[in-house]
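In the numbering used here, the protein residues as written are 1 to 569. Just so it is clear, CB atoms sit at the ideal spot from N, CA and C, and this is done for glycine as well.
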Amino acid sequence: MKPISTLIVMSSLFTTVAIAQNPLAIPPSLSGTNFNLTLQEGTTDFYLGVTTNTMGANGSLLGPTLILQKDDFISISVDNQLQDTTTIHWHGMHVAPENDGGPHSIIPPNSIWNPQFTVMDQAGINWYHPHLHMQTNKHVSKGIAGLIIVKDADEAALTLPRDYGVDDFPIVIQTKGFDSNGQIEWMSELDTSLMVNGTIDPYLDAPAQVVRLRILNGSSQRVYKLGFTNDMAFELIGTDGGLLEAPVNLTRYQMAPGQRADILVDLSSLQGQSLQLLSYSSEIGNAIYGSSQPGIMPQHTNNLVGYTSNPLNGTNFVILDLNIGAPTAAPVTTIPSTLITQNILAEGTEDITRSLTFSTQQNIVGPFLINGSTFDMGTINETIPLGNREIWSLTNQTPIAHPFHIHDVQFRILDINGNPPPPELQGLNDVVLVPGGMGNIRFITEFLDFANDTIPYMYHCHMLTHEDQGMMGQFIVTDPNNDLSENNGLERKILVYPNPSAGDFHVDISNLGDEVTEISIISSAGIKIKTVESPSHITEFNVNLDTGIYFINIQLSNGQILTKKVVIE
């Protein structure tokens with residue numbers, strides 16, 4: 001069976017093109033403690049005779065796989081050579097908000113962002129991608145994304161495939177839409193072009209032994225239901241947050257955008273044969289993007305222009321062909337029966353339960369709301385004390401499922417529509433697909449290690465079209481032991497971004513109304529460097545300062561002075 005992606009219709013003006021299979025591209029890997037990523041524009045020939053403008057990191061498309069070691073202190077230099085301002089978010093990594101790469105940590109063109117942090121995550125699969133508000137889908141669709149593989153001593157003690165590109169393969173699954181000129185169209189429901197690692201109609205030569213597939217659903221919207229030819233079983237050994245306690249034997253695994261899966265498949269008896277990894281999308285239930293009916297009712301589906309004519313929706317298709325060859329010199333031939341021990345957070349130990357409700361203004365086409373609001377850079381939606389253990393209850397009133405992602409933490413799902421999660425969802429995750437039509441998910445997590453009263457973390461739908469429309473909120477983690485200011489309630493309403501900064505930053509006082517009379521920049525020595533009187537709600541500063549910490553004094557009409565910090569790098 002050939003994949004649907006061997007036939008592509010970019011538009012009514014674009015000729016149907018038959019293409020031959022292509023060897024799966026394996027992104028290069030970078031390891032160590034110092035990393036350099038250059039965001040750049042280029043071109044990619046996805047199809048014969050068609051040149052497409054793309055974006056990538058250290059190349060024209062996608063980016064290198066970063067291999068990190070737990071407990072290492074790392075430095076990443078991100079050089080933005082795009083024409084666009086952007087950001088880079090380390091999806092799944094447990095880092096301080098100033099290193100997280102959310103929409104406040106902007107990287108203007110021809111500038112460098114240099115986050116530095118200790119790797120605190122356990123062994124697993126994370127990824128990096130842009131996160132600029134209202135531009136995330138464009139930058140990801142045009143090609144900027146890469147895997148992050150974290151290693152640690154517990155994973156190293158297991159007998160597992162880990163020879164990158166030999167028996168341990170990165171698998172970044174994406175679909176894209178193209179316009180009549182062969183350019184990527186990131187706002188279309190006609191994402192008819194399936195690719196893995198940027199390769200159209202790929203095949204992989206794999207050895208006859210146990211191999212490891214580190215899978216990322218890097219698509220903007222599409223959900224996949226993964227399985228192999230003839231319902232061949234495989235072992236799920238890890239999810240978003242790392243390894244499970246024991247492998248879970250499966251024939252299907254459903255993945256929403258942003259989710260990762262670490263799987264083992266035993267090819268030992270298949271030398272000389274071929275195997276296919278498919279999406280069994282005909283088995284995806286209603287109210288999920290990728291099924292034949294992405295809304296609860298047929299009329300919801302009809303509102304998505306182009307959805308019903310997309311041949312990938314609701315049908316089975318091949319993602320990757322595997323050709324099984326000779327084993328390597330030192331093959332892994334067994335699968336461990338146990339993996340690692342996890343710390344299980346129990347319900348009843350939480351400090352608070354937070355409730356988020358998803359709703360929509362225009363049915364299935366959005367914009368979609370969280371607790372009645374769309375995203376506002378100047379609004380902190382939740383304030384969380386450092387050390388809190390919390391249950392989050394997510395209720396989806398819309399007619400389509402939403403993959404909910406939270407920054408900073410991994411969580412454990414407590415129940416889905418009141419029922420315990422199946423074994424494959426009992427590990428740690430940072431993305432969960434919340435069912436449509438009043439579906440409910442509850443998870444438990446805790447907020448440890450990082451607090452910052454200025455820079456927030458995000459939570460949002462990881463359907464990037466929904467995120468860009470504003471289906472996102474932000475939260476600040478505060479340390480009560482370092483939070484003694486009597487003005488703290490007001491200071492939390494002020495945002496300074498990007499922070500750290502090279503000298504170009506914004507001060508957002510929208511939530512203080514017209515009470516502000518002036519804003520000043522003060523050095524650590526107490527010297528006033530610049531003052532803006534009668535500032536606008538969002539004031540932009542462009543200053544040439546030495547590296548260090550500076551204070552932003554916001555004077556109110558009643559004489560109060562509120563203070564925020566900005567770090568100049």
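Query raised in the report: For the 8 Å Cβ check, are there 3 or more pairs between the region 421-429 and the region 453-466?
Result: no
Query raised in the report: For His89, which residues does DSSP report across the bridge?
Result: Looking at the DSSP assignment, His89 forms a beta bridge with His129.
Requested in this report: Assuming Gly102 contacts His407 (C-beta within less than 8 Å), just tell me the rounded distance between them.
Outcome: 7 Å
Query raised in the report: According to the Cβ coordinates, are Phe358 and His405 closer than 7 Å?
Result: no
Query raised in the report: Under 7 Å, do Thr54 and Lys142 count as touching if we go by C-beta distance?
Result: yes
Report task. Kindly indicate which residue of Val172, Thr315 and Ala233 has the alpha-carbon position closest to the one of Leu264. Result -> Ala233
Report task. State whether the region 434-443 contacts the region 385-394, with contact taken as three or more CB pairs (one from each stretch) at a distance under 8 Å. Result -> yes
Query raised in the report: Mind checking whether Pro170 and Leu24 have CB atoms under 7 Å apart?
Result: no
Query raised in the report: Based on the DSSP secondary-structure assignment, which residues constitute the bridge partners of Val248?
Result: Leu236
Query raised in the report: With DSSP run on the structure shown, which of helix, strand or coil describes Glu390?
Result: Note: Glu390 maps to strand in three-state DSSP.
Query raised in the report: How far does the alpha helix (DSSP H) with Ala261 in it reach, from first residue to last?
Result: First-last for Ala261: Arg260 to Asp266, but that is the beta strand (DSSP E), not the alpha helix (DSSP H).
Query raised in the report: Applying the criterion that 16 or more other CB atoms from any shown protein chain within 10 Å of the CB defines a buried residue, is Met10 buried or exposed?
Result: Any answer about Met10 is weak, because its pLDDT of 42 lies below 50 and its placement is not dependable; what the coordinates show is given next. Answer is buried; the Cβ neighbour count reaches 16.
Requested in this report: Might you give, ordered along the chain, the residues of its own chain that have their beta carbon closer than 7 Å to the beta carbon of Ile144, omitting 5 neighbours on each side?
Outcome: Hits under 7 Å: Leu39, Met55, Gly56, Ala57, Gly63, His129 and Pro130.
Report task. Taking 8 Å as the threshold, find out whether the region 333-348 comes into contact with the region 368-384 through three or more Cβ pairs. Result -> no
Query raised in the report: Exposed or buried, Asp262, counting other C-beta atoms within 10 Å across all chains shown (16 or more means buried)?
Result: buried
Query raised in the report: What residue range is occupied by the uninterrupted beta strand (DSSP E) comprising Glu518?
Result: For Glu518, the enclosing beta strand (DSSP E) begins and ends at Val516 to Ile522.
Report task. Measure the C-alpha to C-alpha separation of Leu484 and Thr478 and round it to an integer number of angstroms. Result -> Low per-residue confidence applies at Leu484: pLDDT is 40, beneath 50, and the placement is therefore not dependable enough to give any value.
Requested in this report: Determine the closest residue to Gly578 out of Asp468, Pro480 and Gln293, with distance taken between C-alpha atoms.
Outcome: Because residue 578 is not part of the residues shown, which for the chain are 1 to 569, the question remains open.
Report task. Starting from the Cα of Asp546, find the closest Cα among Leu556, Ile125 and Ile529 and give me that residue. Result -> The candidate whose alpha carbon is nearest that of Asp546 is Ile529.
Query raised in the report: What is the DSSP secondary structure of Pro385, counted as helix, strand or coil?
Result: Strand, per DSSP.
Report task. Assign Val566 to one of two classes, buried (16 or more other C-beta atoms within 10 Å of its C-beta) or exposed (fewer than that). Result -> buried
Query - Buried or exposed by the 16-neighbour rule on C-beta atoms within 10 Å, applied to Asp231 - result: exposed
Report task. Starting from Leu204, follow its DSSP beta bridges and name the residues at the other end. Result -> Note: Leu204 sits in a beta bridge opposite Leu322.
Requested in this report: Whole angstroms is fine: what's the gap from Val575's alpha carbon to Thr65's?
Outcome: Residue 575 falls outside the range modelled here, since the chain spans only 1 to 569, and no answer is possible.
Query raised in the report: By how many angstroms is the C-alpha of Leu160 removed from the C-alpha of Val248?
Result: 15 Å
Query raised in the report: Nearest CA to the CA of Ser355: which residue from Gly473, His133, Lys176 and Gly290?
Result: Gly473
Report task. Just grab the DSSP bridge partners of Thr478 for me. Result -> Pro385
Query - Lys574 - DSSP class collapsed to helix/strand/coil - result: Absent from the structure is residue 574, since the part of the chain shown begins at 1 and ends at 569.
Query raised in the report: Per DSSP, which one or two residues make a beta bridge with Ser75?
Result: Asn34 and Gln116.
Query raised in the report: If Thr251 sits next to Gly227, beta carbons under 8 Å apart, how far is it from one beta carbon to the other, in whole angstroms?
Result: 5 Å
Requested in this report: Count the other C-beta atoms from every protein chain shown that fall within 10 angstroms of the C-beta of His194, then say buried if there are 16 or more, exposed otherwise.
Outcome: In the sequence as presented, His is not what sits at residue 194; that position holds Leu. Flag for Leu194 reads buried.
Report task. May I ask you to verify whether the region 76-96 touches the region 178-195, counting CB pairs closer than 8 Å and requiring at least 3? Result -> At 8 Å Cβ cutoff, the stretches do not touch.
Query - Buried versus exposed, by CB contacts within 10 Å (16 or more), Gly165 - result: exposed
Query raised in the report: If you measure from the beta carbon of Pro202 to each beta carbon in chain B, is any gap under 7 Å?
Result: Looking at the structure shown, chain B is missing, and only one protein chain is on hand.
Report task. Would you tell me roughly how many angstroms separate the C-alpha atoms of Val365 and Met187, rounded to the nearest one? Result -> 12 Å
Report task. Decide yes or no for the touch test of the region 271-283 against the region 313-322: beta carbon pairs closer than 8 Å, at least 3 of them. Result -> yes
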